[in-house]
Amino acid sequence: MTTDDHTAEPTSATPTRAGTYRRESGQGAFLAIAATGIVLALVPIWIGDSRTLMGVAITGLLFASYAISFNLIFGSTNQLFLAVGALAGVGAYASTIASDRLGLPFPLTMVIAAGLSMLIGGAFSWIAVRRSLGIIFTGIVTLTFSLAFDNLLLGQRDFTGGETGIVVKAGSNTFLRQQIPPYYVFLSVVLIYLVGYVVLHRSHVGWAFRALRDDEVAAELTGVDVARYRIYAGAIGGGMLGFVGALWAHVEGFISPATFTFVHVDVPALVMLVFGGIGTVLGPVVGAAVFTYLGEVLASFSQLRLIADGVLLIVLFLLFPQGVVRALRSGVSGLRTRRRSQQ
Amino acid sequence: MTAVIFDGLVLGLQFGLLGVGLTVVYGMGGILNLAYGSIAVVAAVVMSVSMRAGLQAGPAVVLGILTAAGISLTLNSTVLKPVYRRRGEDRVLLSLLLTIGVAFIIDGLLVWRFPIEALGLNVGWEPVSIIGVRMRAGSLLASAITLLVGGSLIFFFRATTTGKAVRSVIQDEVGARLCGVNPAAVRTLIFALSGVLGGIFVATQAMTSPVPISAGFEFTITALLVTVVGGLGSIRGAFLAGLILGIVNAMSSFYIGSYITTIILLAAAALTIVLRPSGLFGERA
Amino acid sequence: MLEVSGLSTGYDSHVVVLGVSVDVREGEAVAIIGSNGAGKTTFLRAICGLLPVSAGDVRYEGRSIANLAVHKVARAGISFVPAERHLFPEMSVAENLALGAFPNRPDPDQQSLVFDLFPRLAERRRQAAGTMSGGEQQMLAVGRALMSRPRLLILDEPTTGLAPRLASQAYESLAALRTLGMTILVAEQQVPLVLGLADRGYVLENGAIQLEGPSAELRDNPTVQRAYLGVV
């Protein structure tokens with residue numbers, strides 16, 4: 001495939017290639033995560049009185065976790081998993097069924113949930129690598145999984161309650177159902193995911209990720225086992241999604257297929273990640289925060305929500321393929337250097 | 001049994017048509033148009049609204065089809081413009097993400113402005129018996145139209161100079177340009193054709209069962225599955241895959257039940273990708 | 001017929017060919033010789049519009065065609081046969097030839113001319129281009145290029161991937177075309193072959209013309225002999 005006019009521009013930075021994780025100097029990344037943690041920890045002081053708003057804030061953290069996991073899978077290793085919602089859903093339903101039907105203690109079921117999603121995520125990567133599927137086919141295969149999972153939930157009424165969903169009994173009467181504590185539980189998860197992300201990227205695994213993103217063939221030639229690191233990312237990311245999905249089930253006390261569909265999870269998570277900047281540490285959190293806030297502002301125009309998401313998706317990908325946060329940052333530093341050079 | 005297979009064939013022909021509309025656009029320029037189903041639903045809405053406003057069914061259908069073609073062309077010349085500066089997988093990926101955005105906008109607008117619209121085209125003739133199977137007139141007309149359109153498509157791609165030019169761009173764009181083919185012009189034609197096929201598809205669907213406003217995503221997915229099973233970019237493959245999936249769909253929804261059917265279809269598509277990424281009929285054009 | 005003056009071109013911001021001037025008169029066969037990576041392909045691609053011309057001009061029959069879209073150059077009467085051939089692999093020989101005549105319907109006279117030149121293609125009329133041998137594909141590429149009744153035929157390394165016997169056959173057909181009055185510009189590494197065909201030649205090295213002159217002169221030039229003819 002070639003471009004139709006010969007004045008082909010040099011292939012410009014693409015949404016996928018744009019965000020290679022940059023090793024930030026010293027402890028900068030950890031300080032930034034700590035600062036984010038402190039800011040977010042103060043949120044309940046502001047909105048803690050309102051059960052609704054706390055619910056919104058918790059959802060925001062849930063989406064931040066989705067976006068961080070997706071960032072690890074897609075941003076770090078170029079695997080387009082269009083099954084973010086489904087992997088979280090697998091965790092949520094597995095944990096709920098295991099605790100409520102089989103009577104297992106619910107913390108254990110969350111481990112089971114994470115393990116199951118980890119297996120599935122790893123399997124996706126394994127298949128994609130073994131059959132060298134490429135970004136697009138990986139996307140389509142995982143999308144068919146999302147849709148099949150959705151249909152399974154709708155069809156297996158006895159187990160899943162179908163469209164109406166199921167009430168999650170385990171976890172009730174614990175602090176997870178109170179107004180404010182679950183917020184801090186989710187916040188801890190987000191911070192752990194962020195720290196994990198940075199630690200992972202500073203290890204030899206991160207080295208391999210960078211190499212395989214920059215040039216897969218070259219990475220392979222220099223001895224990076226591309227397949228293995230892809231599977232790591234798929235499995236770890238899958239496990240993170242399954243865990244946070246299960247946690248959500250016990251906090252919310254109710255799950256339904258609609259909570260985990262492609263349209264309701266994958267697309268927003270993608271928008272948030274692209275907005276924040278693929279491959280950045282804090283991008284997913286910033287994206288989730290901005291879009292959760294926007295969603296709240298637009299809540300009264302819920303029918304316009306879909307349109308707004310669509311417009312944003314297009315505008316973001318066309319104007320800021322590297323993420324708004326990064327664009328702003330480089331804009332600001334550009335201004336700064338210009339001002340400095342004027343002095 | 002025969003009746004079920006007949007139903008499957010009718011559905012399969014329609015799937016084939018839907019798939020061709022997506023696959024030609026992909027083959028042409030590596031654009032995976034995920035707004036395709038939503039554009040088809042716009043055609044349905046235009047047909048339905050204009051019929052309620054007093055227009056005859058025929059002109060209403062034509063108007064709907066033209067609208068779909070228009071939206072498709074607009075998409076090509078606006079949102080997708082920057083996509084053509086990318087190459088290979090980057091191009092497919094960006095087109096996919098942008099057209100998801102377009103699908104959201106279209107779906108959002110439709111749900112907002114026409115929340116309860118649904119297109120039904122009543123073919124008021126008596127049912128007809130074929131080898132002992134009573135076929136609804138709507139199904140028969142739908143398959144007749146689909147066959148006719150399918151046949152014309154094959155003729156167009158095989159026998160006309162323009163059709164050959166389209167295939168030449170799919171097979172080797174540089175070669176086509178060296179032969180004097182203008183890829184941009186061919187692309188315009190193909191986007192229009194894609195919209196037209198989407199429009200014809202909803203019209204034939206509406207002859208057998210109403211097309212609801214929310215069907216866009218499902219249409220897109222069906223088209224995607226048909227395309228992938230048939231081999232991305234393969235016109236013949238899309239038709240054959242459409243037929244197979246249509247029959248599988250009819251059989252399993254009759255004998256097994258509807259949600260498992262969907263899962264079987266999805267699994268079949270996933271399996272095809274994994275085992276034969278070039279599609280069952282892995283040959284292009 | 002074709003006047004290239006001071007042409008510079010390259011990929012993205014990387015200049016490969018710098019200030020090259022070449023002209024081809026009606027009825028002439030002109031060779032561009034040079035080693036691998038000298039910029040021959042890049043130069044020809046720029047003439048045909050496949051690469052942007054960043055400086056200089058390309059005039060064809062008095063009209064500038066620099067930076068004209070590829071399909072417009074093709075329709076203006078210049079046929080380019082790239083080294084990679086760019087055939088339509090899943091189309092038959094006949095269909096490939098038909099597209100050569102695009103946007104017109106294939107002219108039967110021209111088609112019989114092609115079949116006279118390459119009888120092999122007539123035998124394989126229904127075969128898919130992608131399933132043919134390298135030599136046959138080469139014939140088809142030239143045949144397809146001829147279908148538009150071009151006034152100027154440009155070939156890039158027509159002997160790429162061909163066994164020596166097939167390579168000289170390819171040049172025999174080009175010689176036959178010459179006798180029919182076709183104007184030819186050809187880039188080639190196989191210097192003895194191409195100098196047998198061409199009236200004049202240019203030596204392109206490192207993106208610039210090093211030497212030019214009638215074929216006989218080039219053949220006798222010590223530098224050419226050392227670099228390309230294997231004479232020590």
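Residue numbers (my numbering), protein chains in the order written: chain F, 1 to 343; chain Y, 1 to 285; chain B, 1 to 232. Note that CB positions come from ideal geometry on N, CA and C, so glycine has one too. All figures in this text were calculated on a predicted structure; none of them were measured in a lab.
| Query | Result |
| --- | --- |
| Interfacial residues, the region 254 to 279 of chain Y to chain F, with Cβ spacing under 7 Å | Tyr259, Ile260, Thr262, Ile263, Leu266, Ala267, Ala269, Ala270, Ile273, Val274, Pro277 |
| Nearest-angstrom Cα separation, counted from Ala308/F out to Asp214/F | 33 Å |
| Range of the contiguous beta strand (DSSP E) that encloses Tyr60/B | 53 to 60 |
| Residue environment, Gln111/B, which counts as buried when at least 16 other CB atoms sit within 10 Å | buried |
| Nearest residue (CA-CA) to Arg149/B, options Gln169/B, Gly161/B, Leu177/B, Ala122/B | Leu177/B |
| Cβ neighbour criterion (16 or more within 10 Å) applied to Ser143/Y | buried |
| Classification of Asp49/F by the beta-carbon crowding that lies within 10 angstroms, buried from 16 upward | exposed |
| Within-7 Å CB hit, Ser77/Y to chain B | no |
| Cβ-Cβ distance between Leu191/F and Ser69/F below 7 Å | no |
| Any chain B beta carbon closer than 7 Å to Ser234/Y | no |
| Touch test, the region 57 to 74 of chain Y against the region 36 to 48 of chain Y, Cβ-Cβ under 8 Å, three pairs minimum | yes |
| Chain Y within 7 Å of Ser25/F, Cβ atoms only | Bear in mind that a pLDDT of 47 at Ser25/F, under 50, signals an unreliable position, so the number given afterwards is only what the model happens to contain. Not closer than 7 Å to any Cβ of chain Y, the Cβ of Ser25/F fails to qualify, so no. |
| Sheet register partners of Phe80/B (DSSP bridge) | Ile154/B |
| Ranges of the beta strand (DSSP E) found wholly within the region 97 to 181 of chain Y, counting only runs of at least 3 | 128 to 130, 133 to 135 |
| Interface residues of chain B facing Gln171/Y [CB-CB closer than 8 Å] | Phe88, Pro89, Glu90, Met91 |
| 7 Å Cβ cutoff met for Gly310/F and Phe104/Y | yes |
| CB of Thr144/F within 7 Å of CB of Leu266/Y, strictly | yes |
| Collapsed DSSP secondary structure at Ala28/B in the structure displayed | Reading off the sequence, residue 28/B comes out as Glu, not Ala. Coil. |
| Check whether His250/F and Gly171/F have beta carbons under 7 Å apart | yes |
| Spatially closest choice to Gly19/B from Glu28/B, Asp12/B, Glu26/B, Ser8/B, by CA coordinates | Ser8/B |
| Three-state class that DSSP yields for Phe254/F in the structure shown | strand |
| Residues of its chain near Phe15/Y, where Cβ-Cβ distance is below 7 Å and the 5 sequence neighbours each way are ignored | Thr222, Val226, Gly242, Leu245, Gly246 |
| Bounding residues of the beta strand (DSSP E) (the contiguous stretch that carries Pro214/B) | 208 to 214 |
| Proximity test, Cβ basis, 7 Å: Ala233/F and chain Y | no |
| C-beta contact flag for Asn33/Y and Val24/Y at 7 Å | no |
| Contact set between Val181/Y and chain B, taken where Cβ atoms lie within less than 7 Å | His71, Phe102 |
| Proximity test, Cβ basis, 7 Å: Phe275/F and chain Y | no |
| The beta strand (DSSP E) enclosing Arg200/B, as first and last residue numbers | 200 to 205 |
| Sub-7 Å separation of Pro89/B and Ala55/B beta-carbons | no |
| Cα-Cα separation, Tyr171/B to Ala185/Y | 36 Å |
| 6 Å CB neighbourhood of Arg219/B in its chain, flanking five on each side removed | Leu195 |
| Tyr148/F at chain Y interface by Cβ criterion, 7 Å | According to the sequence shown, residue 148/F is Ala rather than Tyr. Judged by the 7 Å Cβ criterion, Ala148/F is in contact with chain Y. |
| Cβ-based burial, Gly54/Y [other Cβ within 10 Å; buried from 16] | exposed |
| Neighbourhood of Val142/B by C-beta distance below 6 Å, restricted to the same chain and skipping five residues each side | Val81 |
| Assigned secondary structure, His86/B (DSSP; H/G/I helix, E/B strand, else coil) | coil |
| Contact with chain Y by Val56/F, beta-carbon distance below 7 Å | no |
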